[in-house]
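Student: Just passing along the structure, written as structure tokens.
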Amino acid sequence: MRERNDTVPSPPSRWGLAVWLATGFGVGFVPVAPGTFGSAWGLLAAWWLSSTAWWWQVLAIVLLAAAGIPLCSLAVRRLGRGHDPGCIVWDEIASVPITFFLVPCDRPAIWVVGFVLHRLFDISKLPPARQLERLPGGLGVMADDWAAGLYSSLVLHLLMWLNPAGLF
33 MRERNDTVPS PPSRWGLAVW LATGFGVGFV PVAPGTFGSA WGLLAAWWLS
83 STAWWWQVLA IVLLAAAGIP LCSLAVRRLG RGHDPGCIVW DEIASVPITF
133 FLVPCDRPAI WVVGFVLHRL FDISKLPPAR QLERLPGGLG VMADDWAAGL
183 YSSLVLHLLM WLNPAGLF
């Protein structure tokens, strides 16, 4: 007989749809590296957007960011686990597409390098990302990841321009 897993809420749960979405449909409740697993959803979004016009990419990034602020604010309140609980991964989902904005993603190496860069910048929280994280509510949850997306996008563009070892 299968044991019941109470760590991942299924909608409708006591936390509701906001938490379900903010945790990437429950992916944020994985016990190890929830941000990395959440970033995989973001990578899927970036892959889908990579074949669209630049203005669709901008629109999607803005909509994901704008939806994320109230969504993460509500999820933080409902979860009651501090200012930026690790299980909230909407910030990763919404910021990974920033990494790949205007990047010709025609080789697997580009996807791997961009993903790794985003995770490194998200984890390291280089200034001003650390300060942005201190902003109140969902804005603080989201803003440090926007910085990670921008940093990783700039480095990815630079690497493509330099073209080390012909990877790109």
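Be aware that the sequence shown starts at 33, since it is given in the working numbering, and climbs by one per residue. We put the beta carbon where it would ideally sit given N, CA and C, even for glycine.
1) Scan the segment 125 to 161 and note each continuous alpha helix (DSSP H) run of 4 residues or more that stays entirely inside, going in chain order.
2) If distances are taken between C-alpha atoms only, which option among P102, V135, L182 and D138 comes closest to W122?
3) Distance check for G146 and L188, CA to CA, integer angstroms please.
4) Can you name, in chain order, every residue of its own chain whose Cβ lies under 7 Å from the Cβ of G70, other than the five neighbours on each side?
5) Could you give the C-beta distance for L186 and A175, rounded to a whole number, given that I count them as a contact under 8 Å?
6) If contacts are defined as beta-carbon pairs under 8 Å, then P129 and G74 qualify, I think. What distance do you get, rounded to the angstrom?
7) One question on the structure: do A180 and S105 come within less than 7 Å of each other, judged by their Cβ atoms?
8) Please classify P43: is it buried, with 16 or more other beta-carbons within 10 angstroms of its beta-carbon, or exposed?
Tutor: So, from the data block:
1) 140 to 156
2) P102
3) Distance between the alpha carbons of L188 and G146 is about 6 Å.
4) G56, V59, G60, V121, E124 and I125
5) Rounded, the Cβ-Cβ distance is 17 Å, inconsistent with contact.
6) 6 Å
7) no
8) The pLDDT assigned to P43 is 47, lower than 50, so where the model puts this residue is not dependable; a value taken from the coordinates is nonetheless given after this. When all chains shown are included, P43 counts as exposed.
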